[in-house]
Amino acid sequence: LPDCSEDDFAYDLDPAGSFMDSSYQVIKWQLYQSNKWTPLTDSELKDLPQPTFRVDADKGFNYSPSDESFVCQKKNHFQVTVHIGMHGHAKYVRTTEGVKKIDNFCLHFKGIKMESPTQTIKVEQSQSDRSKKPFNPIRVDLAADQVTKFTVGRLHFSETTSNNMRKKGKPNPDQRYFMLVVSLQAHCGNTDYMVAASNCERIIVRASNPGQFDSDVDVLWQKGHTQESAYHVGKVGVNTDHPEEALTVHGNIRLTGHLMQPSDIRAKENFKEINSKEQKENVERIKIYKYNYSEDFAESANLPPNFREDTGVLAQEIREVLPDAVQETGDVVLPNGLTIDNFLVVDKDRIFMENVGAVKELCKLTDNLEIRIDELETMNTKLLKLKRYDSLKSTASSKSCSSISTVR
1 LPDCSEDDFA YDLDPAGSFM DSSYQVIKWQ LYQSNKWTPL TDSELKDLPQ PTFRVDADKG
61 FNYSPSDESF VCQKKNHFQV TVHIGMHGHA KYVRTTEGVK KIDNFCLHFK GIKMESPTQT
121 IKVEQSQSDR SKKPFNPIRV DLAADQVTKF TVGRLHFSET TSNNMRKKGK PNPDQRYFML
181 VVSLQAHCGN TDYMVAASNC ERIIVRASNP GQFDSDVDVL WQKGHTQESA YHVGKVGVNT
241 DHPEEALTVH GNIRLTGHLM QPSDIRAKEN FKEINSKEQK ENVERIKIYK YNYSEDFAES
301 ANLPPNFRED TGVLAQEIRE VLPDAVQETG DVVLPNGLTI DNFLVVDKDR IFMENVGAVK
361 ELCKLTDNLE IRIDELETMN TKLLKLKRYD SLKSTASSKS CSSISTVR
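Taking the UniProt record's numbering, I'd label the letters of the sequence shown as residues 1 to 408.
See the structure below:
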């Protein structure tokens, strides 16, 4: 079973299971009430190892250095991704009342007050049509001996933290905090049992835009070690306030140089040459389209009107041919309120390398054809020589017969 704790990120943990390195500008998580987790058993009532459980906050939280805390706006949505790794087929939970049959597993979300963890805060989910509906636990189907990923978006807290107002432009010394708790619960009849859970570090939930509170914030950009360079810890967004990668750009990039990528053999291992024939077959299966981006998506991605027509591939089709060239990036909320769930992006460099392999295979075919053509030309030359020799021989024979007749 893969270790989901190293799926996308790797952090050092202290003995309590919390993150130690403060240089990572991502919200940190730790185990929540692990002493209350309920053991799982299989169909033969054999105890199973605790499932691996990791939570990532994908968007909606901004770090405020002056507050030394992550801040989110109550009206803004946040999104989390949960990675769950099951060991074996869990059929029962072993409780203090005995063994209970599991009907299903669900993800539960709640907020708790840091100064009073017994007080809970409701977490709600906005609907794509902006209608009001109760936010019930989300049922999840877990495969045995696999890590399953679930992304839940459009979440927000039902209330704000206390003492958010600043004093003389400085953080309020009586500032109160929430912590978000995400738990995996086994539902057995009308009762549910906590199987695994994590809570995030302290957060501030404000009714106003977090940016309004950052006038006295220390600049996160620092001078780099090399000349004329700048250094920033965290993700950078251009035309977007929720960057998902080290650099996320909504719009075009104008580049006069080159994109340089690491390729040193000393940094690589597990080499295996790919069959170029298979790569050629994969390229033959890829369809190329000419298309236009929808107006709503183009607006959210800051694409100007003259850049909304493009030529390329479709991620869903590429996933059938080259699964490792397609990745999910979470939900994308459009300006009209609609949401594209699990938005897919394509790694075009991966497709380019497949094209290189296909070209190599075509070169092999071309070389074989050239060799065959040379062989045929050589054979044709020999046949012409034989034909010319037979013609000369036939002419000489005719002249000889004619001379004999004359002598007689």
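Ideal Cβ placement from N, Cα and C applies to all residues, glycine included. All values derive from a computational prediction rather than experimental measurement.
What is the DSSP secondary structure of residue i, counted as helix, strand or coil?
i	result
residue 193	strand
residue 114	coil
residue 69	strand
residue 379	helix
residue 394	helix
residue 170	strand
residue 177	coil
residue 226	coil
residue 247	strand
residue 184	strand
residue 54	strand
residue 385	helix
residue 124	strand
residue 154	strand
residue 236	strand
residue 26	coil
residue 163	coil
residue 135	coil
residue 108	strand
residue 146	coil
residue 46	coil
residue 59	strand
Does residue i pass the burial test, meaning 16 or more other C-beta atoms within 10 Å, or should it be called exposed?
i	result
residue 388	exposed
residue 251	exposed
residue 51	buried
residue 62	buried
residue 86	buried
residue 410	The first residue shown for the chain is 1 and the last is 408, placing residue 410 beyond what the model contains.
residue 29	buried
residue 326	buried
residue 425	In the structure as shown, the chain begins at 1 and stops at 408. Residue 425 is therefore absent and cannot be evaluated.
residue 231	exposed
residue 188	buried
residue 43	exposed
residue 53	buried
residue 258	exposed
residue 37	buried
Can you name the start and end residues of the beta strand (DSSP E) that residue i belongs to?
i	result
residue 477	Past the edges of the chain, shown from 1 to 408, lies residue 477, and the structure says nothing about it.
residue 231	230-232
residue 100	98-101
residue 38	Looking at the DSSP string, residue 38 is not in any beta strand (DSSP E), and its letter there is neither H nor E.
residue 94	92-95
residue 257	No beta strand (DSSP E) contains residue 257, which DSSP labels as neither H nor E.
residue 410	Nothing can be reported for residue 410: it is not among the residues displayed for the chain, which extend from 1 to 408.
residue 202	Per DSSP, residue 202 belongs to no beta strand (DSSP E) and is neither H nor E.
Which residue wins for smallest C-alpha separation from residue i, given the options the options?
i	options	result
residue 355	186, 71, 283, 169	283
residue 45	92, 71, 33, 37	92
residue 360	273, 394, 374, 322	273
residue 141	106, 221, 100	106
residue 60	333, 36, 34	333
residue 278	358, 256, 313	358
residue 306	312, 298, 313	298
residue 293	286, 281, 310	310
4-residue-minimum alpha helix (DSSP H) runs that sit fully inside the UniProt domain "Peptidase S74" (263-373), ordered along the chain: You should have 276-285, 295-300, 315-321.
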